[in-house]
Amino acid sequence: MSTLAVLPVILPLAAGAISVLLWKSLRVQRVVGVVATLALVIVSLLLFREVHREGIIVVRMGSWPSPLGISFVVDLFGSIMVVLAAITGAATAIYSVRGIDKRRQSFLYFPLLHILLMGVCGAFLTGDIFNLYVWFEVLLMSSFVLLALGNERDQLEGAIKYVTINLMSSALFLTSIGILYGTFGTLDMADLSRKIAATQNTGIVTTLSMLFLIAFGIKAAIFPLFFWLPASYHTPPFAVSAIFAGLLTKVGVYAIIRVFTLLFPIDPGFTRPLMLFLAAMTMLTGVLGAAAQMEFRRVLSFHIISQIGYMLLGLALATPLALAGSVFYIMHHIIVKANLFFIAGLAERIRGTSDLKAIGPVSVYARSPLVAILFFIPAMSLAGIPPLSGFFAKLVLIRAGLEIGEWAIIAVALVVSILTLYSMTKIWAEAFWKGPARREDEAESVTKDAVPPSMLLPVATLAAITVAVGLFAGPIFDIASRAAAQLLDKEGYVRAVLGDDAMQAEGSP
Numbered sequence: 152m153s154t155l156a157v158l159p160v161i162l163p164l165a166a167g168a169i170s171v172l173l174w175k176s177l178r179v180q181r182v183v184g185v186v187a188t189l190a191l192v193i194v195s196l197l198l199f200r201e202v203h204r205e206g207i208i209v210v211r212m213g214s215w216p217s218p219l220g221i222s223f224v225v226d227l228f229g230s231i232m233v234v235l236a237a238i239t240g241a242a243t244a245i246y247s248v249r250g251i252d253k254r255r256q257s258f259l260y261f262p263l264l265h266i267l268l269m270g271v272c273g274a275f276l277t278g279d280i281f282n283l284y285v286w287f288e289v290l291l292m293s294s295f296v297l298l299a300l301g302n303e304r305d306q307l308e309g310a311i312k313y314v315t316i317n318l319m320s321s322a323l324f325l326t327s328i329g330i331l332y333g334t335f336g337t338l339d340m341a342d343l344s345r346k347i348a349a350t351q352n353t354g355i356v357t358t359l360s361m362l363f364l365i366a367f368g369i370k371a372a373i374f375p376l377f378f379w380l381p382a383s384y385h386t387p388p389f390a391v392s393a394i395f396a397g398l399l400t401k402v403g404v405y406a407i408i409r410v411f412t413l414l415f416p417i418d419p420g421f422t423r424p425l426m427l428f429l430a431a432m433t434m435l436t437g438v439l440g441a442a443a444q445m446e447f448r449r450v451l452s453f454h455i456i457s458q459i460g461y462m463l464l465g466l467a468l469a470t471p472l473a474l475a476g477s478v479f480y481i482m483h484h485i486i487v488k489a490n491l492f493f494i495a496g497l498a499e500r501i502r503g504t505s506d507l508k509a510i511g512p513v514s515v516y517a518r519s520p521l522v523a524i525l526f527f528i529p530a531m532s533l534a535g536i537p538p539l540s541g542f543f544a545k546l547v548l549i550r551a552g553l554e555i556g557e558w559a560i561i562a563v564a565l566v567v568s569i570l571t572l573y574s575m576t577k578i579w580a581e582a583f584w585k586g587p588a589r590r591e592d593e594a595e596s597v598t599k600d601a602v603p604p605s606m607l608l609p610v611a612t613l614a615a616i617t618v619a620v621g622l623f624a625g626p627i628f629d630i631a632s633r634a635a636a637q638l639l640d641k642e643g644y645v646r647a648v649l650g651d652d653a654m655q656a657e658g659s660p
């Protein structure tokens, strides 16, 4: 069991090391990339099954007891995030075989992809706040190089903006950790949870919670800290944009949810109104930015921001149903958003441009109806059209808001959903529908060149997952509800990490 909990970190590390050693052979790097990420999917599913059956898994490095040693703590929320990271990583690796040119692959693209996945999985599994910072830095370094790989002007400009603002976030995060350790004398999140709950110094707790909210808010691209995202996510190759869009901001969202359930629970008098305001503004500014754009990836990038607002909404409402809605929303959004960027790459290969105003030789639908249909599925899911996954994710959040009478934020969520539908319809009309009819003598060959099976396979798989999440929304929502219940059960988390003796020493029953 302990080996299974650390394999999501060890496997990408080993794959990255092997790929570096065999850097002269692109063919081997591709094979290792695909095989290792598929193996990560299997490992993550086995880990999820164990946590689902047995409860929270704790692995103590070097057998040092918590809080003295470093530990991995795997609860349902963490294991779900690892599964989603593994699926997105495997889809990216397969798509990249043809989607990334040989020149970029020769600059260690696949090893960097493995290191990125290692950092993401490490962040989802660690039970120590300082090691969360370390895993953030691992994924930041690898993502910066992936963003700049290719050395094109737009990429370098986007990479500099990306790394500058994220380094500021990291500096703030590290400062917060220093204050946290100086105040409470520990960095173990379970130990911090009980010590923060017992302190009488509410001023320092509120200050620390706001520092962490800003640090993680930058990484999650919430209002007003999101400006770096649309300035950088449209510059790298589509495969890189897809894994960034699917995973990186979700690591920030994961950290916000983890910290504001375990360390700084939502305060109805201060944190909840602030979070609701941030969620509303994040949804609105993101979707309005998307409505104003006419470049495929810029539209999708602004949509990432607006959808982060929905995830923050569930945390802000702070009820079991709302938190389950956030978990469900993350599960839906990682798959859908990564797939939309993959499809944007296929659309550009077919049309020859990502500019929605510039009509290509023929429409995407005319040359490849299958690609158009595969776009339609995640696009409508993102807009919340039933019976796809996005509909149920939004339905749960709206129902949770209505239960506690938060009418204003529900109205905002509904308006944003309508504007999201408008943006998706705009992409469909401009990129997939408009354009002269295809020429029969060129259509078949162009489709084969532009849409190779290795790029179509991950797109079709993620679209099938989107449909499956909608069709089996009930059982999947049950899993999200259990994950939310674990997140709200602070005592259960602390007991699993520190043991019953520590709880009894604190006077708990």
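FYI, in our numbering the residues of the sequence shown are 152 to 660.
The beta-carbon is built from N, C-alpha and C at its ideal position, and this holds for glycine as well.
A quick note: this is a predicted structure, and the numbers were derived from the prediction, not measured.
{"Query": "Can you say whether residue 329 is buried or exposed, counting buried as having 16 or more other CB atoms within 10 angstroms of its CB?", "Result": "exposed"}
{"Query": "Would you please verify whether the beta carbon of residue 552 is less than 8 Å from any beta carbon of chain D?", "Result": "The chain inventory of the structure shown lacks chain D, comprising one protein chain alone."}
{"Query": "So for residue 415, helix, strand or coil by DSSP?", "Result": "coil"}
{"Query": "Roughly how many whole angstroms lie between the Cα atoms of residue 650 and residue 225?", "Result": "15 Å"}
{"Query": "Could you give the first and the last residue of the continuous alpha helix (DSSP H) run that contains residue 221?", "Result": "Where residue 221 is concerned, there is no enclosing alpha helix (DSSP H), given that its DSSP letter is neither H nor E."}
{"Query": "Would residue 300 pass as a contact of residue 255 if the rule is Cβ separation under 8 Å?", "Result": "yes"}
{"Query": "Pick helix, strand or coil for residue 326, following the three-state DSSP scheme.", "Result": "helix"}
{"Query": "Quick check: the Cα distance between residue 429 and residue 236, rounded to an integer number of angstroms?", "Result": "26 Å"}
{"Query": "Look at residue 522 and residue 498 and say whether their C-beta atoms are less than 8 Å apart.", "Result": "yes"}
{"Query": "Considering residue 182, what are the terminal residues of the beta strand (DSSP E) in which it resides?", "Result": "No beta strand (DSSP E) holds residue 182; the alpha helix (DSSP H) holding it covers 177-205."}
{"Query": "Residue 466 and residue 408: beta carbons closer than 8 Å?", "Result": "yes"}
{"Query": "If we ignore side chains and look at the alpha-carbon of each, how far apart do residue 166 and residue 193 end up?", "Result": "15 Å"}
{"Query": "In whole angstroms, what separates the C-alpha of residue 319 from that of residue 284?", "Result": "13 Å"}
{"Query": "Where do the N-terminal and C-terminal ends of the alpha helix (DSSP H) with residue 602 fall, by residue?", "Result": "Taken as a continuous stretch (DSSP letters only), residue 602 belongs to no alpha helix (DSSP H), as it is neither H nor E."}
{"Query": "Starting from residue 373 and walking both ways along the alpha helix (DSSP H), at which residues does that stretch end?", "Result": "Run containing residue 373: none; DSSP gives neither H nor E here."}
{"Query": "Rounding to the nearest angstrom, what Cα-Cα distance links residue 262 and residue 181 in this structure?", "Result": "10 Å"}
{"Query": "Does DSSP put residue 446 in a helix, a strand or coil?", "Result": "strand"}
{"Query": "Taking 7 Å as the limit between beta carbons, can you name the residues of its chain near residue 177, skipping five residues before and five after?", "Result": "253, 256, 257"}
{"Query": "With distances taken Cα to Cα, identify the nearest neighbour of residue 397 among 413, 380, 435.", "Result": "380"}
{"Query": "Between the segment 373-387 and the segment 453-466, are three or more C-beta pairs nearer than 8 Å?", "Result": "yes"}
{"Query": "I need the straight-line Cα distance from residue 532 to residue 560, nearest angstrom please.", "Result": "21 Å"}
{"Query": "Using a Cβ-Cβ cut-off of 6 Å (strictly less than) and excluding sequence neighbours within five positions of residue 246, which residues of its own chain qualify?", "Result": "390, 493, 606, 609"}
{"Query": "Can you list, in chain order, the stretches of the alpha helix (DSSP H) that have 4 or more residues and sit fully within the segment 276-361?", "Result": "280-299, 304-335, 340-349"}
{"Query": "Measuring straight from C-alpha to C-alpha, what distance separates residue 204 and residue 405?", "Result": "22 Å"}
{"Query": "Output needed for residue 147: all residues of its chain with C-beta closer than 7 Å, excluding positions within five of it in sequence on either side, in chain order.", "Result": "Nothing about residue 147 can be read from this structure; the chain reaches only from 152 to 660."}
{"Query": "Roughly how many angstroms lie between the CA atoms of residue 315 and residue 625, to the nearest whole one?", "Result": "42 Å"}
{"Query": "Would you call the segment 216-230 in contact with the segment 285-304, where contact means no fewer than 3 C-beta pairs closer than 8 Å?", "Result": "no"}
{"Query": "For the alpha helix (DSSP H) containing residue 161, name the first residue and the last one.", "Result": "153-172"}
{"Query": "Contact between the segment 471-486 and the segment 626-633 is defined here as three or more beta-carbon pairs at a separation below 8 Å; is this criterion met?", "Result": "yes"}
{"Query": "With distance defined between alpha-carbon atoms, name the residue in 644, 160, 567, 487 nearest to residue 620.", "Result": "487"}
{"Query": "Please list the terminal residues of the continuous alpha helix (DSSP H) segment that includes residue 251.", "Result": "Element bounds for residue 251: n/a, residue is neither H nor E."}
{"Query": "Between which two residues does the alpha helix (DSSP H) containing residue 630 stretch?", "Result": "624-639"}
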